[in-house]
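Numbering (the numbering used here), first residue to last: 324 to 621.
Don't be surprised by glycine CBs; every beta carbon is placed ideally from N, CA and C.
This structure is a prediction, so every number in the text was calculated from the model and none was measured.
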Amino acid sequence: MAGWLDRLRAGLSRTADSLASVLGRPLDARSARLLEEGLLAADLGPETAAEVVAAVAEAWRREPALRSGGAAEVAAAVLARRLGGSPWRPDWSAAPLVILLVGVNGAGKTTTAAKLAHRLQAEGHPALLGACDTFRAAAGAQLEAWATRLGVPVVGGQPGADPAAVAFDAVAAGRARGAHAVLLDSAGRLHTKAHLMEELRKVARVAGKAHPGAPHERWLVVDGSLGANSIEQAKVFHEAVGLTGLVVTKLDGAGKGGAAVGIARATGVPVRFIGVGEAPDDLQPLDPEAYARALVGL
Ligand SMILES: Nc1nc2c(ncn2[C@@H]2O[C@H](COP(=O)(O)OP(=O)(O)OP(=O)(O)O)[C@@H](O)[C@H]2O)c(=O)[nH]1
Ligand SMILES: [Mg+2]
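This is the structure:
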């Protein structure tokens, strides 16, 4: 089994163990309640929890001798459907494809920008990193260290520089150098700070002046070890910049794992990648089936 899947399973094991034990029993009123509680505790959100319970109840009703694992399969199918959607197919004709990464502090934006650059380059698409987090002096240095390590060019600005100006420069440099992708890292911000959300809108707007249609993708990076309150955050970021994708990080940690489903459902925005570690290769395209199965312990 692939290493990343092992790490995902290990990260989600707490949720998986609790759901697997309830799903292994015939569904009566008590175990239905326990199942719903388990799903809510995993941060899947009330609608998805209710949907899973209904599907599992129906499966038991139709097939009282449901084979072992049968109920978990049914639950996984519902979750996979909720996470699913068509896989990400970058439109390279718009190159450089500009991807803006946004999110709250510490979510994993900088690491994700680096991992994405690494992945795209390995797939034959030269990338360029834009260090638009000029808020902390260390932020630019962090991205530069990644860039050096990965052999990816980086464009940044002085600490305190206008992040939108850096975005412009990075996108213009990406065009000039024939990059296929420009990954714009942004400073972490609390979704409740209106002026910081406005700053993000400006970064997006100004990036579009350097290249038509940019930023083509606006991805919210979410710490998967955090709970249901990330759903509220996601909605506010979505209103501000019009999200086109989600990246859920730290799923190798002690996350409950359900918030990915809850956020995708609340925003209607697909999960594109998951982070399963701190190394360059630890970013995987979301595989809805594998993720859903790991959540229910299959
Ligand atoms: N285990 C694990 N750690 C991760 C993952 N992604 C990021 N991290 C770690 O999380 C911490 C924060 O990551 P950053 O990429 O700096 O987060 P950020 O969103 O850029 O943070 P700010 O710029 O401060 O808002 C770092 O220690 C990363 O190594 C992941 O998928 N798994
Ligand atoms: Mg950062």
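Margin query: Suppose only complete runs of 4+ residues qualify. What are the alpha helix (DSSP H) ranges in the segment 370 to 453, listed by chain order?
Written below: 393 to 406 and 432 to 445
Note to self: What does the alpha-carbon distance come out to for the pair D575 and L618?
What the structure shows: Here residue 575 corresponds to residue number 252 of the sequence shown, with the count starting at 1. Here residue 618 corresponds to residue number 295 of the sequence shown, with the count starting at 1. So the alpha carbons of these two residues sit roughly 13 Å apart.
Margin query: Output needed for V376: all residues of its chain with C-beta closer than 6 Å, excluding positions within five of it in sequence on either side, in chain order.
Written below: On the sequence shown, position 53 is the one that residue 376 refers to. Here the set comprises A355, L358 and E359.
Margin query: Bridge partners for T572 per DSSP, in chain order?
Written below: Locating residue 572 in the sequence shown gives position 249, counting from the first residue. Answer is D546, bridged to T572.
Next item on the list: Determine the DSSP secondary structure at V478, reduced to helix, strand or coil.
Entry: In the sequence shown, the residue the question calls residue 478 occupies position 155. Looking at V478 - three-state DSSP - the assignment turns out to be strand.
Check: Three or more beta-carbon pairs under 8 Å between the segment 401 to 414 and the segment 429 to 442, yes or no?
Finding: no
Next item on the list: Drop a sphere of 10 angstroms on the beta-carbon of K532, count the other beta-carbons inside from all chains shown, and report buried for 16 or more, exposed for fewer.
Entry: Here residue 532 is taken as the residue at index 209 of the sequence shown, counted from 1. Exposed is the call here.
Next item on the list: Kindly indicate which three-state DSSP category P608 falls into: helix, strand or coil?
Entry: The residue given as residue 608 occupies position 285 in the sequence shown. Residue state, collapsed to three classes: strand.
Note to self: Quick check: is any heavy atom of ligand 2 less than 8 Å from the C-beta of A462?
What the structure shows: As a position in the sequence shown, residue 462 is number 139, starting the count at 1. Within the cutoff, so yes.
Notebook entry, point to check: Near D485, what residues of its chain come up, given a Cβ to Cβ distance below 8 Å and the 5 sequence neighbours on each side ignored?
Noted result: Looking up residue 485 in the sequence shown gives position 162. Within the same chain, D485 has close Cβ partners T457.
Margin query: DSSP three-state label for G347, please.
Written below: On the sequence shown, position 24 is the one that residue 347 refers to. Residue state, collapsed to three classes: coil.
Checklist line | First through last residue of the alpha helix (DSSP H) which encompasses R500 | finding: Counting from 1 along the sequence shown, the entry for residue 500 is found at position 177. From DSSP, R500 is part of no alpha helix (DSSP H); its letter is neither H nor E.
Next item on the list: Check whether the Cβ of E601 lies closer than 8 Å to any heavy atom of ligand 1, and answer yes or no.
Entry: Taking the sequence shown and counting its residues from 1, the one referred to as residue 601 is at position 278. Yes - ligand 1 has a heavy atom lying nearer than 8 Å to the Cβ of E601.
Notebook entry, point to check: G598 and G550: beta carbons closer than 9 Å?
Noted result: Numbered from its first residue, the sequence shown carries residue 598 at position 275. Numbered from its first residue, the sequence shown carries residue 550 at position 227. It is not a contact, given that the beta carbons lie outside the stated cut-off.
Item checked: For E540, the three-state DSSP class (helix, strand or coil) -> As a position in the sequence shown, residue 540 is number 217, starting the count at 1. Residue state, collapsed to three classes: strand.
Note to self: Suppose the cutoff is 8 Å on Cβ atoms and the five residues either side in sequence are ignored; what does the same chain contact list for T515 look like?
What the structure shows: For this step, residue 515 is matched to residue 192 along the sequence shown. Counting only Cβ-Cβ distances below 8 Å, and skipping sequence neighbours, we find V559.
Check: Within the present structure, is the beta-carbon of K573 separated from the nearest heavy atom of ligand 2 by less than 8 Å?
Finding: As a first step, residue 573 must be located in the sequence shown, where it is residue number 250. Answer for K573: no, Cβ out of range of ligand 2.
Item checked: Buried or exposed by the 16-neighbour rule on C-beta atoms within 10 Å, applied to E374 -> Numbered from its first residue, the sequence shown carries residue 374 at position 51. Buried, since its Cβ has 16 or more Cβ neighbours within 10 Å.
Check: What residue from V345, G580, A537 and R353 has the CA that sits closest to V545's CA?
Finding: The residue given as residue 545 occupies position 222 in the sequence shown. Nearest of V345, G580, A537 and R353 to V545, Cα basis: G580.
Check: Taking Cβ positions, are H503 and P538 nearer each other than 9 Å?
Finding: For the purposes of this step, residue 503 is taken as residue 180 along the sequence shown, with counting starting at 1. For the purposes of this step, residue 538 is taken as residue 215 along the sequence shown, with counting starting at 1. Not a contact, by the Cβ cut-off of 9 Å.
Item checked: Per-residue burial, H518 [other beta carbons within 10 Å of its own, 16 or more giving buried] -> As a working mapping, residue 518 is identified with position 195 in the sequence shown. An exposed status is given to H518, since fewer than 16 other beta-carbon atoms sit within 10 Å of its beta-carbon.
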